[in-house]
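Chemist: Got a structure for you, questions after.
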Amino acid sequence: MTEEQFRRHVRKIAALRGWTLTYHTHNSQRSDAGWPDEVYGHPRAKRIIFAEFKSDTGRIRPAQRDWLKHFAACGLETALWRPKDLDHIVNVLAPDGPRAQLPDNF
Numbered sequence: 470m471t472e473e474q475f476r477r478h479v480r481k482i483a484a485l486r487g488w489t490l491t492y493h494t495h496n497s498q499r500s501d502a503g504w505p506d507e508v509y510g511h512p513r514a515k516r517i518i519f520a521e522f523k524s525d526t527g528r529i530r531p532a533q534r535d536w537l538k539h540f541a542a543c544g545l546e547t548a549l550w551r552p553k554d555l556d557h558i559v560n561v562l563a564p565d566g567p568r569a570q571l572p573d574n575f
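Numbering (this note's numbering), first residue to last: 470 to 575.
Next up, the structure:
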């Protein structure tokens, strides 16, 4: 599964679970370096998730790491998601699911 296929699959799951606001930067050349791939909003659950998508072997760039660490330090839900994490992602996307967070080894 490519990163793009994975991102689209997660977006569909999010929509089915009530996430009504999803932002994706379509032209990253005009965005700040490292901005997360998607931002999900769930007004009823009062949650926002900043998510970076990678393939199971994809590497995160320093600017991406900086943004994610910054959001996490501000107390926001922040995630680095890979296809191998799909079961966990489905749980996080439940309105009353666990908060998204960066891996311990991040």
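Cβ atoms here follow ideal geometry from the backbone N, Cα and C, with glycine treated the same way.
1. Quick check: the Cα distance between residue 545 and residue 476, rounded to an integer number of angstroms?
2. Is residue 471 buried or exposed, if buried means 16 or more other CB atoms sit within 10 Å of its CB?
3. Based on the DSSP secondary-structure assignment, which residues constitute the bridge partners of residue 547?
4. Would you kindly report the start and end of the unbroken beta strand (DSSP E) that includes residue 503?
5. List the DSSP bridge partners of residue 510.
6. Could you have a look at residue 563 and say whether DSSP puts it in helix, strand or coil?
7. Is there contact here, the region 560-569 with the region 513-525, by at least three beta-carbon pairs under 8 angstroms?
8. Just to confirm, are residue 502 and residue 483 a CB contact at a threshold of 8 angstroms?
Modeler: So, from the data block:
1. Those two C-alpha atoms are separated by around 20 angstroms.
2. Exposed: under 16 other Cβ atoms inside 10 Å.
3. Beta-bridge analysis with DSSP links residue 547 to 519.
4. Where residue 503 is concerned, there is no enclosing beta strand (DSSP E), given that its DSSP letter is neither H nor E.
5. Beta-bridge pairing links residue 510 to 490 and 517.
6. The answer is coil: DSSP assigns residue 563 none of H, G, I, E or B.
7. Below 8 angstroms, enough C-beta pairs join the region 560-569 and the region 513-525 to call them touching: three or more.
8. Against a cut-off of 8 angstroms, the Cβ pair of residue 483 and residue 502 comes out as no contact.
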